[in-house]
Amino acid sequence: MKKKRLLALLMAGAMAVSMTACNSGGDSAANGSGAASGTSGNNGGDKTFAIVVKSLADQYWVLLKAGAEAKAAELGVNVEVIGPNTESDVQMQADMIQNQIGAGVDGLAVAPSNPDTVIPVLSQADSAGIPVIAVDTDLPNYENKKSFIGTGNEAAGEQGGAWAAEYVGEGKKAIVLRGREGDTTHNDREAGFVAGLEAGGVEVLEVRACDSEAEKAMNAVMDMMNRYDQIDIVCTTADQMAQGAQRAIENAGADIPVVGFDGTIPVAELIAEGSVIKATVAQNPYAMGELCVENLLALTNGETIEERIDSGTSMVTEENAAEFAADLQAKVDGAA
41 MKKKRLLALL MAGAMAVSMT ACNSGGDSAA NGSGAASGTS GNNGGDKTFA
91 IVVKSLADQY WVLLKAGAEA KAAELGVNVE VIGPNTESDV QMQADMIQNQ
141 IGAGVDGLAV APSNPDTVIP VLSQADSAGI PVIAVDTDLP NYENKKSFIG
191 TGNEAAGEQG GAWAAEYVGE GKKAIVLRGR EGDTTHNDRE AGFVAGLEAG
241 GVEVLEVRAC DSEAEKAMNA VMDMMNRYDQ IDIVCTTADQ MAQGAQRAIE
291 NAGADIPVVG FDGTIPVAEL IAEGSVIKAT VAQNPYAMGE LCVENLLALT
341 NGETIEERID SGTSMVTEEN AAEFAADLQA KVDGAA
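If you read the sequence shown in the numbering used here, its first letter stands for residue 41, the second for the next number, and so on.
Structure, rendered in structure tokens:
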């Protein structure tokens, strides 16, 4: 396998992500209602913020929640981070947003599963004078958005695709597993992966939506291993799907490398252990959570914030995965 230029690829972006083991309360995650939780103090003036993510079933969103809660405690504000059980439950997310607006939060951050579904609900935030930030996934058609906090997803996907192409070499064949159709974040990541793979001389056999769910990814890879004579690498637009692909490949006794996207602790550990998952494009969801709270507080204090705030990415590979995972675990232990 070719690994030339590997070190150059690894230098892109800043090393990302911190995490905590804290999970959201079951009632809040189920209905999106109730008082926000956190630590109040002098700096924040007892302000209350809500962050509505795509799902708290994925560790990625738990990382974001941890960063938000840590920053809220530091600044003396209240924050609640909630999300549906699955990213495909778009209507539940919209209902959660509506509940938080009705509760009169001081600021709102949203990672929209489907922008077209949540934008009509966000008009109620406009009427109530509640500032709104998009996080992780942009809201390009929402005029009153104050900022987008997150990753340049297409560029990050292209970084992962280029790494994958370098790893297997020209003339090879790939499949791409992506999140829910209509999710602009996964649209961008898919486009980036495909561009990076094709620029490196790798043919993309198929792109399949697996809704960022491990079981759907596992079933999809099992199906495609039966349908295609040659699959040289699997690229996924979320780490949950990388884990599903891993299970399918290892259960079949195959040795097809997998590249994920998110940089979660379990996937970093699997890379370090020598599993078929060889790399992941690491985002910084912990920093996204911190930045949401910081910037919502700034907005409620009458300050101006940047229209786009990039939280950065890096490649986690066999060379640095153990250190990466250990660093995250140390931060988890420090936050516990």
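Every residue gets a Cβ at the ideal spot worked out from N, C-alpha and C, and that includes glycine.
Query                                                                                                                                               : Result
Along the chain, where does the beta strand (DSSP E) containing LEU148 start, and where does it finish?                                             : 147-150
Quick check on GLU330: does DSSP put it in helix, strand or coil?                                                                                   : helix
Looking at C-alpha atoms only, which residue of TRP203, ALA362, GLU210 is the closest neighbour of VAL298?                                          : TRP203
Taking just the CA atoms, how far does TYR326 sit from MET59?                                                                                       : For MET59, the predicted model reports a pLDDT of 35, less than 50, meaning its position is unreliable; a value from the coordinates is still stated below. Going by the C-alpha atoms only, they are around 6 Å apart.
Where does the unbroken alpha helix (DSSP H) through VAL118 begin, and where does it stop?                                                          : Val is not the amino acid found at residue 118; the sequence shown has Asn there. Element bounds for ASN118: not the alpha helix (DSSP H) but the beta strand (DSSP E), 118-122.
State the start and end residues of the unbroken alpha helix (DSSP H) segment that holds GLY142.                                                    : 130-142
Give the straight-line distance between the Cα atoms of ASP146 and GLU347, rounded to the nearest whole angstrom.                                   : 19 Å
Closest by CA to ILE159, which one among VAL242, ASP135, ASN193?                                                                                    : ASP135
Rank GLY284, LEU310, GLU313, ASP279 by C-alpha distance to the C-alpha of PHE301 and give the top, closest one.                                     : ASP279
Quick check on this structure: which residue in ALA254, ASN125, GLY329 has the alpha carbon closest to the alpha carbon of GLN283?                  : ALA254
Over what stretch of residues does the alpha helix (DSSP H) that includes LEU198 continue unbroken?                                                 : For clarity, residue 198 is Glu in the given sequence; the question names Leu instead. Segment 193-208, the alpha helix (DSSP H) holding GLU198.
Return the residue from the list ARG267, VAL316, LYS185, LYS111 that minimises the CA-CA distance to THR344.                                        : LYS185
I'd like the span of the beta strand (DSSP E) that includes LEU217, first residue to last.                                                          : 213-218
Would you kindly work out how many angstroms separate the C-alpha atoms of ALA365 and SER167, rounded to a whole number?                            : 44 Å
Among ILE141, GLU221, LEU96, which has the Cα closest to the Cα of PRO155?                                                                          : GLU221
In chain order, what residues of the same chain lie with their CB nearer than 7 Å to the CB of LEU339, ignoring the 5 residues before and after it? : GLY147, PRO171, LYS186, ILE345
Going by DSSP in three states, LYS186 sits in which element: helix, strand or coil?                                                                 : strand
CB ILE91 to CB VAL121, shorter than 8 Å?                                                                                                            : yes
Between ASN291 and ALA285, what straight-line distance do the alpha-carbon atoms span, to the nearest angstrom?                                     : 10 Å
Would you check if there are 3 or more beta carbon pairs closer than 8 Å linking the stretch 315-335 to the stretch 89-108?                         : yes
For ALA362, which three-state DSSP category applies?                                                                                                : helix
Using only alpha-carbon positions, find the residue among GLY314, ASN335, TYR182, TYR100 that is nearest to GLN323.                                 : TYR100
Below 6 Å CB to CB, which residues in the same chain sit around MET2 once its five sequence neighbours on both sides are set aside?                 : The question about residue 2 has no answer, for the chain in this structure spans 41 to 376.
Just how far apart, CA to CA, sit THR126 and LYS94?                                                                                                 : 7 Å
Note the first and the last residue of the continuous beta strand (DSSP E) segment covering GLY300.                                                 : 298-302
In the DSSP output, which residue or residues are listed as bridge partners for GLU238?                                                             : Partner(s): none; GLU238 has no beta bridge.
Going by DSSP in three states, ALA370 sits in which element: helix, strand or coil?                                                                 : helix
Where does GLY72 fall in DSSP's three states?                                                                                                       : In this prediction, GLY72 scores a pLDDT of 35, lower than 50, which makes its location untrustworthy; the coordinate-derived value is nonetheless stated afterwards. Looking at GLY72 - three-state DSSP - the assignment turns out to be coil, as it is neither helix nor strand.
Taking the straight line between their C-alpha atoms, what separation do you get for GLU309 and ASP251?                                             : 23 Å
Would you check whether the ligand ATP has a heavy atom nearer than 7 Å to the C-beta of MET132?                                                    : The model on display carries no ligand, and the ligand ATP is accordingly not part of it.
Nearest by alpha-carbon distance to THR353: which of ARG229, VAL333, GLU206 is it?                                                                  : ARG229
Going by beta-carbon coordinates alone, are CYS275 and LEU237 separated by less than 8 Å?                                                           : yes
Three-state secondary structure (DSSP) at LYS94?                                                                                                    : coil
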